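One structure is given here, and the rest of the page talks about it.
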Amino acid sequence: KLVALSFLGDTALVILALMLAYLVRFETSMQNFGVMDAVIDFRSYFGHVLLGSLLFVFLLANFRMHDPRNFLAIRRTIRGIVKASLIWLTAFLTLALVLKIEPAISRIYCVLACGLAMTALLSWRWLFYCVVRREPFAAALRQKALFVGWNEECERAVRRFKDGRSHQISVIGAVRPGDDGFETEPPAEVPQLGGYNGFRQTLRSSGADIVMVVDGCVPRDEMLALAETCGREFVDFKLIPNCFQILVSNLQLESLHGMPVLGIGKMPLHHAFNNALKRFVDIVGAVFGLVLFAPVMAVFGVLVWLESPGASVIYRQRRIGLNGRPFEILKIR
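The sequence shown begins at 2 in our numbering and counts up one residue at a time.
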């Protein structure tokens, strides 16, 4: 519901800001500035408002402004809104110039729309943040961190997580890495969730959003398997280094509440454009594949029917999809 509320609020404010920019630019004394077309009314500018609104909302989605993990990160939200606004101003003017949209878009209108939309979004998101940082919203929005291994740096991290009025991360437990155990025992308020052998089941049952692994607590091959498991479960993987080292991989050094971690949390599919492109390729590819292999599937269907007359040729199978949501697929028996 909070995701829908943030999306609808952003969309409504963007549309209102672009409409208000039109009124200020063309219905006040500002209409005397610059070069004006002979006839400009709201009907002729409605297409510009619609196109600009769609582009603005897309940019906000691309910067993950509707991701629940960002609702408590007000600084990240402010940076995303400012970036989206400035990119929109450049992209909208460029798009209008390339497509030669009629009537020509006023540059003063674009600047006004950018400023009004940015101001409205920043004000709205600050009010939104003031609401969601209170319980029980904040408890539901906090990212759940699961530690593999434990050392003194982890204990300092837990204290940092609790700093501030709306801490963004809550620690749900620690997993014992192998036979050697923890470097230091976790504090009493951090539950110990068993050993490393049943990690996948622990990950699913705990509902963790972030897995933070102490560097050196598991062998290299198990570390790679751990990162792969997190990727398949759509869980962010963070490595807490014992010392800084140069890695020939896509790990990036990040600062998490003042603690240096190495993470691969930001995947290409976290961006709205890549997500939409993948979805488009999935649908088009699936339709093309079904049409291309329909004769082959028909032959196998007939063979199954001849082998087991009266039995169903196609059956349903339950699978687990994105965010752990189950769905059903159709398969030839």
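C-beta: ideal position from N, C-alpha, C; glycine also. Remember, predicted model here, so these are calculated numbers, not experimental data.
Report the rounded CA-to-CA distance for residue i versus residue j, giving the unit in angstroms.
i      : j      : result
LEU117 : LEU51  : 16 Å
SER207 : PHE235 : 14 Å
ARG134 : LEU73  : 6 Å
ALA273 : PRO310 : 48 Å
TRP306 : ARG126 : 59 Å
GLU153 : ARG161 : 13 Å
PHE64  : ALA139 : 21 Å
LEU94  : LEU123 : 22 Å
THR185 : MET224 : 20 Å
GLY315 : ALA295 : The identity of residue 315 in the sequence shown is Ile, whereas the question assumes Gly. Roughly 14 Å between the two C-alpha positions.
VAL4   : LEU240 : 29 Å
ASP222 : VAL297 : 41 Å
ASN276 : PHE34  : 42 Å
GLN202 : ILE284 : 31 Å
ILE82  : MET119 : 7 Å
ILE330 : LEU17  : 43 Å
PHE238 : ALA228 : 6 Å
ILE79  : ALA189 : 37 Å
ALA141 : LEU128 : 18 Å
GLY199 : ALA287 : 35 Å
LEU100 : VAL300 : 50 Å
SER313 : ARG320 : 20 Å
GLN318 : ARG326 : 14 Å
GLU136 : ASN71  : 16 Å
LEU278 : ALA226 : 28 Å
PHE281 : VAL132 : 36 Å
ARG108 : LYS163 : 46 Å
ILE102 : ALA158 : 53 Å
PRO187 : VAL149 : 11 Å
MET31  : VAL112 : 13 Å
Near residue i, what residues of its chain come up, given a Cβ to Cβ distance below 6 Å and the 5 sequence neighbours on each side ignored?
i      : result
SER45  : PRO104
SER7   : HIS67
GLU156 : none
ALA121 : LEU14, ALA18
HIS49  : ILE106
ALA62  : ALA273
PHE183 : TRP151
HIS168 : PHE162
VAL191 : VAL172, ALA175
LEU9   : none
ARG77  : ASN71
So, using beta-carbon positions, are residue i and residue j closer together than 7 Å?
i      : j      : result
ALA114 : LEU19  : yes
ILE333 : GLY290 : no
GLN144 : ASP210 : yes
CYS231 : VAL212 : yes
ALA92  : ILE106 : no
TYR130 : ILE170 : no
Who are the Cβ neighbours of residue i in its own chain at under 8 Å, not counting the five residues just before and after it?
i      : result
GLY322 : PHE328
LEU204 : LEU147, VAL212, THR230, CYS231, GLU234, VAL236
SER54  : THR12, VAL15, ILE16, LEU19
GLU28  : none
Along the beta strand (DSSP E) that carries residue i, what are the first and last residues, could you check?
i      : result
ASP335 : Past the boundaries of the shown model lies residue 335; the chain is included only from 2 to 334, so the question cannot be answered.
GLU223 : First-last for GLU223: 221-233, but that is the alpha helix (DSSP H), not the beta strand (DSSP E).
TYR46  : Per DSSP, TYR46 belongs to no beta strand (DSSP E); it is in the alpha helix (DSSP H), 43-63.
ARG320 : 315-321
ALA312 : No beta strand (DSSP E) holds ALA312; DSSP gives it neither H nor E.
PRO213 : Reading off the sequence shown, one finds Met at residue 213, where the question assumed Pro. Unbroken beta strand (DSSP E) run through MET213: 211-215.
SER336 : Any answer about residue 336 is impossible in this case: the structure gives the chain only from 2 up to 334.
GLN193 : 193-196
PRO327 : 327-333
Ignore the nearest five residues each way along the sequence and tell me which others in residue i's own chain have a CB closer than 7 Å to its CB.
i      : result
LEU60  : ALA85, ILE88, TRP89
TYR1   : Any property of residue 1 remains undetermined from this structure, which presents the chain solely from 2 to 334.
VAL58  : ASP11, THR12, VAL15
GLN246 : Note that GLN246 has pLDDT 43, beneath the 50 cutoff, so the model's placement of it is unreliable and the number below is only indicative. Taken in chain order, the list of residues that qualify is empty.
GLY179 : TYR197, VAL219
PRO69  : LEU3, VAL4, LEU142
LEU56  : TRP89, ALA92, PHE93
Could you confirm whether any beta carbon from chain B is found closer than 7 Å to the beta carbon of residue i?
i      : result
ILE315 : In the structure shown, chain B cannot be found, because there is only a single protein chain.
The alpha helix (DSSP H) spanning residue i covers which residue range?
i      : result
GLN344 : Nothing in the structure corresponds to residue 344, since the chain is present only between 2 and 334.
PHE93  : 75-100
LYS279 : 273-308
GLY116 : 108-133
PHE138 : 138-142
PHE27  : 3-27
ARG157 : 153-162
Would you check if the region 174-181 and the region 191-209 touch, i.e. whether three or more CB-CB distances between them fall below 8 Å?
-> yes
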